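Q: Each residue of the sequence shown is one higher than the last, beginning at 582 in our numbering.
Encoded as structure tokens, here's the structure I'll be asking about.
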Amino acid sequence: MNILFHSTFINNKQWLRNIKKKFKGKKIYTFKDKPNYDKIDYAIVWNLPDKLFAKLKNLRAIFSLGAGVEHILNLPSYKDTPIVRLKDPALADRIFNHVLSQILNHQLKLEHYRKAQKAKIWQNELDTYLNNQIQVGILGAGFIGTIVGQNLQKINYNVVGFKNTPVKKKNFFQIYSKNKLNDFIKSSDIIISILPSTPNTTNFINKNFLRKMKKKSLLINVGRGTSVNEKDLISHLKSNKNFYASLDVFKEEPLSKKHPLWSLKNVIITPHIAGVTVLDSAIEQIHNRWLQITKTGIIKNDVNLKKGY
Ligand code: GLV
Numbered sequence: 582m583n584i585l586f587h588s589t590f591i592n593n594k595q596w597l598r599n600i601k602k603k604f605k606g607k608k609i610y611t612f613k614d615k616p617n618y619d620k621i622d623y624a625i626v627w628n629l630p631d632k633l634f635a636k637l638k639n640l641r642a643i644f645s646l647g648a649g650v651e652h653i654l655n656l657p658s659y660k661d662t663p664i665v666r667l668k669d670p671a672l673a674d675r676i677f678n679h680v681l682s683q684i685l686n687h688q689l690k691l692e693h694y695r696k697a698q699k700a701k702i703w704q705n706e707l708d709t710y711l712n713n714q715i716q717v718g719i720l721g722a723g724f725i726g727t728i729v730g731q732n733l734q735k736i737n738y739n740v741v742g743f744k745n746t747p748v749k750k751k752n753f754f755q756i757y758s759k760n761k762l763n764d765f766i767k768s769s770d771i772i773i774s775i776l777p778s779t780p781n782t783t784n785f786i787n788k789n790f791l792r793k794m795k796k797k798s799l800l801i802n803v804g805r806g807t808s809v810n811e812k813d814l815i816s817h818l819k820s821n822k823n824f825y826a827s828l829d830v831f832k833e834e835p836l837s838k839k840h841p842l843w844s845l846k847n848v849i850i851t852p853h854i855a856g857v858t859v860l861d862s863a864i865e866q867i868h869n870r871w872l873q874i875t876k877t878g879i880i881k882n883d884v885n886l887k888k889g890y
């Protein structure tokens, strides 16, 4: 049994150490070891380049080190090797923390006080809403979206979700699907996009979508930059001064120095840090799935290749 690890994470060495510790006694390689590629059974990866992926001809499964899987699906050499998606509640909690920080920053008008501080002004109190006066819409109510929504509900926000595929079982909060997109957009005071990058979500948030959002509103994107038409968003932000965006993901990352989003007053930019993979808990999840696979011999693809997610 041979496992290959490859990632572009900054703390790559620590990842390798901890994976080796968890998969005690198993052979864990990196490309630097120049293993016999034909004998690699499993790959644990984040941003594996295609020319390296193409060497792994006998892979039984690929474990994604992130929630998103487009880094695998977009590889020209990828066909249908089963992908094990990372479903980590700790990662969802981390995204929740980020989202909550952005909601509160907006809700409590903290930017105004920051600005006042810079000018040494003792700003009179500003009117703010309570949590139960705000409806938050989760665009892409999947594994992460559901946890984020439930956590927001626990602290009294009104939560609704949107999912492309109709929901059969009862959810924790109301889920709108396909033909109810307008109701979802119009009833939300704040929209959090957790959409994955798929052909169906490309430019999903465009001028038609933005026009339907409330004028005084906040869009938080912690999903993927491909789901936003950036041109449309920029012109919407320019003509609606009470519309805010908190963006963690972009069409091209890193965001170029020349990008107009940097200098808009009603935008907060973070550099794709909302959902940084949580090392130990991700390794725990991956190890559990690997044990299950080796015990049962069953490997199903977590990804629906038609939907691209
Ligand atoms: C981060 O963007 C992830 O896909 O986990």
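C-beta atoms are modelled at their ideal positions from N, C-alpha and C, and glycine is treated no differently.
These numbers come from a predicted model, not from an experiment.
Going by beta-carbon coordinates alone, are I815 and P841 separated by less than 8 Å?
A: For the purposes of this step, residue 815 is taken as the residue at position 234 of the sequence shown. For the purposes of this step, residue 841 is taken as the residue at position 260 of the sequence shown. Closer than 8 Å, so yes.
Q: Determine the DSSP secondary structure at I728, reduced to helix, strand or coil.
A: Mapped onto the sequence shown, residue 728 falls at position 147. In the structure shown, I728 sits in a helix (DSSP, three-state: H, G or I).
Q: With distances taken between CB atoms, is the gap from G856 to R695 smaller than 8 Å?
A: Taking the sequence shown and counting its residues from 1, the one referred to as residue 856 is at position 275. Taking the sequence shown and counting its residues from 1, the one referred to as residue 695 is at position 114. Their beta carbons are not under 8 Å apart, which means G856 does not touch R695 by this criterion.
Q: In whole angstroms, what separates the C-alpha of L776 from that of D622?
A: Here residue 776 refers to the residue found at position 195 when the sequence shown is read from its first residue. Here residue 622 refers to the residue found at position 41 when the sequence shown is read from its first residue. Going by the C-alpha atoms only, they are around 31 Å apart.
Q: Go through its chain and collect everything with a Cβ distance to L711's Cβ below 8 Å, but skip five positions before and after it.
A: Residue 711 sits at position 130 when you count from the first residue of the sequence shown. Counting only Cβ-Cβ distances below 8 Å, and skipping sequence neighbours, we find N737.
Q: Shortest alpha-carbon distance to T662 belongs to which of L672, K668, A642?
A: The residue labelled residue 662 in the question sits at position 81 within the sequence shown. T662 has its Cα closest to that of A642, out of L672, K668, A642.
Q: For L872, count neighbouring Cβ atoms within 10 angstroms of its own Cβ and tell me buried if that reaches 16, exposed if not.
A: By one-based count along the sequence shown, residue 872 stands at place 291. By the 10 Å Cβ count, L872 comes out exposed.
Q: With a Cβ-Cβ cutoff of 8 Å, do V859 and I773 count as a contact?
A: The count along the sequence shown starts at 1 and reaches residue 859 at position 278. The count along the sequence shown starts at 1 and reaches residue 773 at position 192. Taking 8 Å as the Cβ cut-off, V859 and I773 do not qualify as a contacting pair.
Q: Looking only at C-alpha atoms, which of N760, K620, L828 sits nearest to K636?
A: The residue you call residue 636 lines up with position 55 of the sequence shown. When each option's Cα is compared against that of K636, the closest is K620.
Q: Quick one: Cα of E811 to Cα of N787, how far?
A: On the sequence shown, position 230 is the one that residue 811 refers to. On the sequence shown, position 206 is the one that residue 787 refers to. Distance between the alpha carbons of E811 and N787: 8 Å.
Q: Examine chain E for any beta-carbon lying closer than 8 Å to the beta-carbon of G730, and answer yes or no.
A: Of the protein chains in the structure, only one exists, and it is not chain E.
Q: Cα-Cα, which of K767, A722, Q698 is closest to K751?
A: The sequence position of residue 751 within the sequence shown is 170, counting from 1. Nearest C-alpha to K751: A722.
Q: Taking 7 Å as the cut-off, is the beta-carbon of A673 closer than that to any non-hydrogen atom of the ligand MG?
A: This structure lacks the ligand MG; the ligands present are the ligand GLV.
Q: So V729 and I715 are in contact, right, with Cβ under 8 Å, and what is the actual spacing, rounded?
A: By 1-based counting over the sequence shown, the position of residue 729 is 148. By 1-based counting over the sequence shown, the position of residue 715 is 134. Going by Cβ atoms, the distance from V729 to I715 rounds to 15 Å, so no, they are not a contact pair.
Q: Would you call the region 648 to 661 and the region 700 to 707 in contact, with 3 or more CB pairs under 8 Å?
A: In short, these stretches do not touch, since the Cβ pair count stays below three.
Q: Which residue comes first and which comes last in the beta strand (DSSP E) that contains N686?
A: Within the sequence shown, residue 686 is the residue found at index 105, counting from 1. No beta strand (DSSP E) holds N686; the alpha helix (DSSP H) holding it covers 670 to 688.
Q: K690 and T709: beta carbons closer than 8 Å?
A: The residue you call residue 690 lines up with position 109 of the sequence shown. The residue you call residue 709 lines up with position 128 of the sequence shown. Yes, the Cβ-Cβ distance between K690 and T709 is below 8 Å.
Q: Label R598 either buried or exposed according to how many other C-beta atoms from any shown protein chain fall within 10 Å of its C-beta, with 16 as the threshold for buried.
A: Residue numbering aside, residue 598 sits at position 17 when the sequence shown is read from its first letter. Exposed is the call here.
Q: Name the DSSP beta bridge partners of V740, please?
A: For the purposes of this step, residue 740 is identified with residue 159 of the sequence shown, where counting begins at 1. V740 is bridged to V717.
Q: Give every residue of the same chain whose Cβ lies closer than 8 Å to the Cβ of T779, excluding the five residues on either side of it in the sequence, and list them in chain order.
A: Working through the sequence shown from its first residue, we reach residue 779 at position 198. E651, K888, G889, Y890, listed in sequence order.
Q: To the nearest angstrom, how far is the alpha carbon of Q731 from that of H817?
A: As a first step, residue 731 is located in the sequence shown; it is residue number 150 there, counting from the start. As a first step, residue 817 is located in the sequence shown; it is residue number 236 there, counting from the start. Going by the C-alpha atoms only, they are around 30 Å apart.
Q: Below 7 Å, is the gap between the Cβ of H679 and the nearest heavy atom of the ligand GLV?
A: As a working note, residue 679 is residue 98 in the sequence shown. No, the beta carbon of H679 sits no closer than 7 Å to any heavy atom of the ligand GLV.
Q: Give the secondary structure of S837 by DSSP, where H, G and I count as helix, E and B as strand, and everything else as coil.
A: In the sequence shown, residue 837 corresponds to position 256, counting from 1. In this structure, S837 counts as coil in the three-state DSSP scheme.
Q: Among N713, E865, I584, which has the Cα closest to the Cα of T905?
A: In the structure displayed, the chain extends from 582 to 890; residue 905 sits before or after that span and is not available.
Q: Per DSSP, what are the beta-bridge partners of F586 in this structure?
A: On the sequence shown, residue 586 is found 5 positions in, with the first residue counted as 1. Per DSSP, I625.
Q: Please confirm whether any heavy atom of the ligand GLV lies closer than 7 Å to the CB of A648.
A: The residue labelled residue 648 in the question sits at position 67 within the sequence shown. It does: the Cβ of A648 is within 7 Å (strictly closer) of some heavy atom of the ligand GLV.
Q: Taking just the CA atoms, how far does S827 sit from P852?
A: Here residue 852 refers to the residue found at position 271 of the sequence shown. Here residue 827 refers to the residue found at position 246 of the sequence shown. Those two C-alpha atoms are separated by around 11 Å.
Q: Report yes if the C-beta distance between V748 and L733 is below 8 Å; otherwise report no.
A: The count along the sequence shown starts at 1 and reaches residue 748 at position 167. The count along the sequence shown starts at 1 and reaches residue 733 at position 152. Cβ distance not < 8 Å, so V748 and L733 don't count as in contact.
Q: Quick one: does the C-beta of T709 sit closer than 7 Å to a heavy atom of the ligand GLV?
A: Against the sequence shown, residue 709 aligns to sequence position 128. Not under cutoff, so the answer is no.
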